[in-house]
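> Let me give you the structure first, and then I'll get to my questions.
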Amino acid sequence: MGGADIERLIALLARLPGLGPRSARRAALALLRQPQARMLPLAQAMEQAARSVRTCSTCGNLDTRDPCAICTDPGRDRGVVCVVETVGDLWALERAGVHRGVYQVLGGTLSALAGTGPDDLNLAPLLARLEAGGVREVILALGATVEGAATTHWLQDRLVGFDVPVSRVGQGLPMGGALDVLDDGTLAAALTARKIHS
Ligand SMILES: [Zn+2]
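According to full-length UniProt numbering, the residues represented by the sequence shown are 1 to 198, in order.
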């Protein structure tokens, strides 16, 4: 492997969240030192995931099947839909084991700064589920950021016509915090302490 290949590897790694140029160089070096044990298995896992993982058309989760394992799990309560910003937030709630219903991943929040409007949110599958009936509660579990709060308020207004209780997590969520950085106990407390909007 020549210098250009190494530089390209480092440049690609440096684009990953949480990795700057310095961490990317360290990661590249760790991989290059053990090409058989570390690098090829990683490359193969990445290629496999890139080919097999898709977005669930029902909830927006990432899985190798569509609908995803959560949407097709007969043990999950389809009557309770938890709305989150990102798949990372969904994974955090799953890790904490605090939600036995299903999800809707919006894929972002309303943000004038980022130019994200209502049409950019993955909301249609949730509206379709509400129209189909059988949903008893919608839980809004968006981050305690300015954008998260704005999106929560907008969703509360948007969902008013469906005659389904809409609750929101609030208690215990630190201001400015995204869900996926919280510990399991904080997540559980936030979900348990949700309030019904009236
Ligand atoms: Zn799904």
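Even for Gly, the Cβ is constructed at its ideal location relative to N, Cα and C. Keep in mind it's a predicted model, so treat the numbers as computed, not measured.
Give the range of the alpha helix (DSSP H) segment to which Asp77 is assigned.
Per DSSP, Asp77 lies in no alpha helix (DSSP H) segment; the continuous beta strand (DSSP E) that holds it begins and ends at Asp77 to Val84.
> Out of Arg136, Leu182, Thr55 and Asp89, which has the shortest C-alpha to C-alpha gap to Val166?
Arg136
> State whether the stretch 44 to 58 contacts the stretch 92 to 100, with contact taken as three or more CB pairs (one from each stretch) at a distance under 8 Å.
no
> Starting from Val160, trace the beta strand (DSSP E) both ways and give me its first and last residue.
Looking at the DSSP string, Val160 is not in any beta strand (DSSP E), and its letter there is neither H nor E.
> Does the beta-carbon of Ile139, which I'm using as the reference point, lie nearer than 7 Å to any heavy atom of ligand 1?
no
> DSSP on Asp73, reduced to helix/strand/coil?
Three-state DSSP puts Asp73 in coil, outside helix and strand.
> Whose C-beta lies closer than 6 Å to the C-beta of Met1 among residues of the same chain, with five residues either side of it excluded?
Here Met1 scores only 45 on pLDDT, less than 50, and its place in the model should not be relied on; the value that follows carries that caveat. Here the set comprises nothing.
> When we look at the beta-carbon of Thr192 and count the other beta-carbons within 10 Å, is it buried (16 or more) or exposed?
exposed
> Count the other CB atoms within 10 Å of the CB of Gln104; is the residue buried (16 or more) or exposed (fewer)?
A buried status is given to Gln104, since no fewer than 16 other beta-carbon atoms sit within 10 Å of its beta-carbon.
> Buried or exposed for Arg15, going by 16 or more other Cβ atoms inside 10 Å?
Arg15 should be labelled exposed.
> In whole angstroms, what is the alpha-carbon distance linking Val138 and Asp157?
13 Å
> For Asp120, which residues from the same chain have a beta carbon less than 7 Å from its beta carbon, with the 5 sequence-adjacent residues on both sides left out?
So the qualifying residues of the chain are Gly108.
> Quick check on the burial criterion: 16 or more other C-beta atoms within 10 angstroms. Buried or exposed for Arg26?
exposed
> Reducing DSSP to helix, strand and coil, say where Gly185 ends up.
helix
> Just jot down, in chain order, the residues whose CB lies closer than 6 Å to any heavy atom of ligand 1.
Those satisfying the condition are, in chain order, Cys56, Thr58, Cys59, Asn61, Pro67, Cys68, Ile70 and Cys71.
> Hey, quick one: how far does the alpha helix (DSSP H) through Val87 stretch, first residue to last?
Run containing Val87: Val87 to Ala96, per the alpha helix (DSSP H) assignment.
> Nearest chain B C-beta to Arg194 closer than 8 Å, yes or no?
No chain B is part of this structure, which consists of one protein chain only.
> Say yes only if the C-beta of Arg100 is nearer than 7 Å to one or more non-hydrogen atoms of ligand 2, and no if none qualify.
The model on display carries ligand 1 but not ligand 2.
> Within its chain, find whatever has a CB closer than 8 Å to the CB of Val53; leave out the 5 residues flanking it on each side and keep chain order.
Answer for Val53: Leu62, Asp63 and Thr64, listed in chain order.
> For the beta strand (DSSP E) holding Leu140, just list the boundary residues, first then last.
Counting along the chain, the unbroken beta strand (DSSP E) around Leu140 starts and ends at Glu137 to Leu140.
> Whole angstroms are fine: how far does the CA of Ala45 sit from the CA of Cys4?
Just to set this straight, residue 4 is Ala in the shown sequence, not Cys. Approximately 24 Å between the Cα atoms of the pair.
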